[in-house]
Structures are given as C-alpha cells and as structure tokens.
Amino acid sequence: MRDHVRFFLNGQERIVRGQDAFATLAEYLRWQLGVCGTKVVCAEGDCGACTVLVGRVNGDDIRYLPIDACIQFVFQIDGTHVVTIEGLPTNGDLHPVQRAMIDSHGSQCGYCTPGIVMALAGWAEAGAQLDDARIALTGNLCRCTGYVSILEAADVIAATPCAPINQHFDTLQLVNALRPIVAEPLRITVNGRTYFAPNNIADAVAYKTDHANAAIIAGATELGVLRNKRGHEPRQMLSLARTPGLDSIHDDDNVLSFGSNVTWSQVERVVESRMPEFHRNILRFGSPQIRHVATLVGNIANGSPIADSLPLLAVMDAELEIVGPAGTRRRSINGFFTGYKQKDLRDDELITRVLLPLPADNERLRLYKVSRRNDLDISTFCAAIRLQMDGNVIISAAIAYGGVAATVVRLPNAEQFLVGQSFSESTFRQAGRKARAEVMPITDVRGSADFRLQLCENVLRKFYFDEVGSYVEAVA
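As numbered in our numbering, the sequence shown has no gaps in its residue numbers, which increase by one up to the final residue, 694.
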C-alpha cells in the first residue's frame, strides 16, 4: 500500500510525501513548486482564478477537465496529469486560447486571466460549442476587463478549433504511467491525520467501522471551503474513489442508478435526453469546475436542507443503496433525513448508489430554484413538483420543498388535496395556500420567512402556468 502521492504536472512526474499531501493543490503549486500562474483569490471555488486542467486516464487516452485547485487537495489528484497555465504553450508558442485572449484584449490586471484561459482551454477540449461559452465561464470572475472581450475571445476559439491537450504531451507514456497508480490503494498518515483510499468496498467498510467519525471524501468541495475558511481538518478521511464500479451509471427499466463517485458532470450528460428538466436544473449547480468533481451522492450525504438534488429525489421516491458490515440494504430517500444533517445511516455504513426512477409518460415534473444569482449560488428556496394525470384530472401528486425547514420536506396535505382535482388555476391557488400552511421557514441572510412562505404558495401557481404555456407552445 502506497504512502505518498504520485501525479504528473505539465508532463513531469511529481512525488509528494508528508504534510504536503494534505495541502490544497493551489497551495502546493504556489508555495512548494513556485508555479504561481495559478492564482488564489476567494479560496472557496467561486472566482475561478485557481482553475487548472486535471487529466485522468480514459481508455487509452486522457480526458482533461477544469477544476478549482483552491478546494482540491493534493491527495485527490493522485494518479492524474495536472496542466497549469505554464503547461499550455508548446515549444514557446502560445496556446490558441492564450493567443485569442491577447488578440481580443481579454485581460487587464491579469490576476483572473490564467483561470479564464484554463476554463476556456477546458471548454475547447470539450468541443467549444459557442452557445456553451457563457456556461463554461460561469465559474470565473473578472473585475477589470468585463466579459465582452473575453466572449469575443471565445468566438475566436469556437471558430478555430484548438489541438487537444493530448497532442502537447506524450499521452501514451502518461497513460502507461498513470494506469497502475490509480489501481493501488493509498494510505497516507502524517501527524495523526490519515487519508485512506482503498481499492475495494470491504476495506472501506472495515475502515469506517473502526473510524466512525471518518469524513467521506468524494469531490470534497465543501470540505475544501471549510478547511480554508474555518480551519476544519478531519483527522480521519476515507475515499471510495478507487472502488471499482462506483463511477458508473446504469439505466435499468427506466431507473437511473448513479454510483457514489459519479460527478455532477456525468449526471448532466446522462439526463440531458432522459430527464431534461433535471438537466436544466443541473446547469445552475455550481460551475463546471465544481461539477467536474462534486458528486450527486455527496450532495445527498451532506444533507443540506437546500441541496439541489433532494427535492427531485424526494418526489421521485429515489432509493439509496447503503453498505455496511451486515451487507447491503436499500431504503427510500423519503424519511432518510431525521433532522438537520442527521440521517438514517449508521456510523459503519456508506452510501454507494442512488437509484432515480424516471417520470412516466403521463407525469408532469418541474424543478424550481430561487437564488440571489442565477448561476453559482445556493438556493434560498427550491422545489420539485410531480403530477400524474388522467385526462384533466390529477390522480397522484408529489411536492417537495427545500429551504423551508431543517430538511427538505414533502407536503402531504397539499399532495392529498390535489388528488382528484381538475387541472386548473383555482386548484393550484388552493394547493398553494395549503402548502404555505405546512411549513415554518426561518429568516436568514438569503431571505425572510415571509418571503419563503410566499414562494411556497406562488411556486404551485407557477407550475400551473408553466404547464399551460408548454401545452400552448406544443400545439402552436
């Protein structure tokens, strides 16, 4: 079992031992290696100045994705190839993204520029579809230039496809070097802190049994923020990243099954055609840099009452696959959360999968998120509404709200009222009033209790008008 981190940086192998393995990638690059093109501003994954490309073995190739180095730990990039702004030029020639930014005057102070370049380079790797340029830059802030010239650079990139990163390095050599690294279990212990990444579920369960308080590491996007802002550093950390099969997605009998290592980006690709309403919602979850590392199961395990996935999972009655010393069990996500971030999950158990049923053809599903910013913001209020219709009569209803209680909640009174009612504005007005009476939200920095109560009522009317609008559009 290996006790150190191995990865490649701009084509050169790096071995990291001791305390440096627990640093963030941005800290290691800047403080230990003097690779300072990667900047740190917010230290919480919001501004994108720290964006780098992380390449992982994908068959006989390497797939590169932009991530936020300020909230990614060194132990997480074991077995990868990291490309920073310094690694983009080839033989002294600027990368086409760098050249486009210069020619379009897309930089002033330059502090945010490396992260923007790396985000656009990741976008170019994915094919640089022009209508996705704004989404590609969601995770990058620029306070000097303004985005017009940056988007002009994106226009140039989309019109002139870039050579893939794999042509800049000896990809075959990298693949051959990285493949055995990611197969090895990793256990690093320094000054009483341990990071353990076994390569089988049995060892993971055994470790969790012996270390009940171990933090489960997936994307670690929240842990990175807590560490940078509050100094939170768990003594024991367990990762399932090397456990075979947990990065897979299955589609069986209209049930999508997502392993615990499946990232939001993977979910995004799969549900675009299978569940477009969920896809639309995912595009507002974090930024590409966040979605490339954060996981759906991590969003569930964190158990926030404003978690983006939970209202949908609740109304679809999704199931969780849970593994422990006694074996594997399944349970509905409804009732799984027993209080604020409290779960029906024993100290020796791990969530390994979530099973999400797809809506039937006669069902109507809509998801809503209210936040101060459209992009890269957490919810003030979120909701999922699912109805099954027989003609113009509602025969079943499921409603879940987030941001109105200590957990995401179902609304049984409003659901029961809707069953048997005609699909009309009056019906949803009444349902909204019943929904409002079922919750007791608090006032916080994102919104007042009264504001949230009004949203509880209004969102059901919005659902009605959205459905009517969709029908009219379809007929036209």
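Glycine included, each C-beta is placed from N, C-alpha and C at the ideal position.
Please read all numbers here as calculations on a predicted model, not as lab measurements.
Considering only their Cβ atoms, is the gap separating residue j from residue i smaller than 8 Å?
i	j	result
R460	N417	yes
V374	A318	yes
T298	R274	yes
N358	G333	yes
D526	S457	no
T481	G437	yes
R213	G477	Here the chain comprises residues numbered 219 to 694, so residue 213 is not present and cannot be evaluated.
A760	I660	Only positions 219 to 694 of the chain appear in the structure, and residue 760 is not among them; the question remains open.
A354	L369	no
T625	A512	no
Would you decide whether residue i is buried or exposed? Buried here means 16 or more other CB atoms lie within 10 Å of its CB.
i	result
R628	buried
I540	buried
H313	buried
P529	buried
C362	exposed
N446	buried
S642	exposed
D311	exposed
L227	buried
N276	exposed
P523	buried
Could you spell out where the beta strand (DSSP E) holding residue i opens and where it closes?
i	result
A415	411-415
A351	First-last for A351: 351-354, but that is the alpha helix (DSSP H), not the beta strand (DSSP E).
D421	Not the beta strand (DSSP E): D421 falls in the alpha helix (DSSP H), residues 419-428.
T407	404-408
R281	279-286
F291	From DSSP, F291 is part of no beta strand (DSSP E); its letter is neither H nor E.
Q391	First-last for Q391: 389-401, but that is the alpha helix (DSSP H), not the beta strand (DSSP E).
V541	537-542
DSSP three-state label for residue i, please.
i	result
M607	strand
S550	strand
R679	helix
D238	helix
D165	Past the boundaries of the shown model lies residue 165; the chain is included only from 219 to 694, so the question cannot be answered.
N358	coil
K559	coil
Where does the unbroken alpha helix (DSSP H) through residue i begin, and where does it stop?
i	result
H497	494-500
S644	643-655
Y365	365-377
L514	514-520
Under the criterion of a Cβ to heavy atom distance below 7 Å, does residue i qualify as lining the ligand GDP?
i	result
R590	Of the ligands one can find in the structure shown there are none, so the ligand GDP has no counterpart to examine.
- Task: Would you be able to state if there are at least three C-beta pairs under 8 Å between the stretch 277-297 and the stretch 241-254?
- Result: yes
- Message: I'd like to know if the stretch 400-412 and the stretch 220-240 are in contact, where contact means that at least 3 CB-CB pairs between them fall below 8 Å.
- Response: yes
- Task: Count the CB pairs spanning the stretch 633-651 and the stretch 674-684 that are closer than 8 Å, and state whether there are at least three.
- Result: yes
- Do the stretch 581-595 and the stretch 564-571 make contact, defined as three or more Cβ pairs closer than 8 Å? These segments do not touch.
- Message: When you compare the stretch 420-428 with the stretch 380-388, are there three or more beta-carbon pairs, one atom per stretch, that lie closer than 8 Å?
- Response: no
- Any 3 or more C-beta pairs closer than 8 Å across the stretch 594-609 and the stretch 576-583: Inter-segment contact for the stretch 594-609 and the stretch 576-583 is present: three or more beta-carbon pairs are separated by less than 8 Å.
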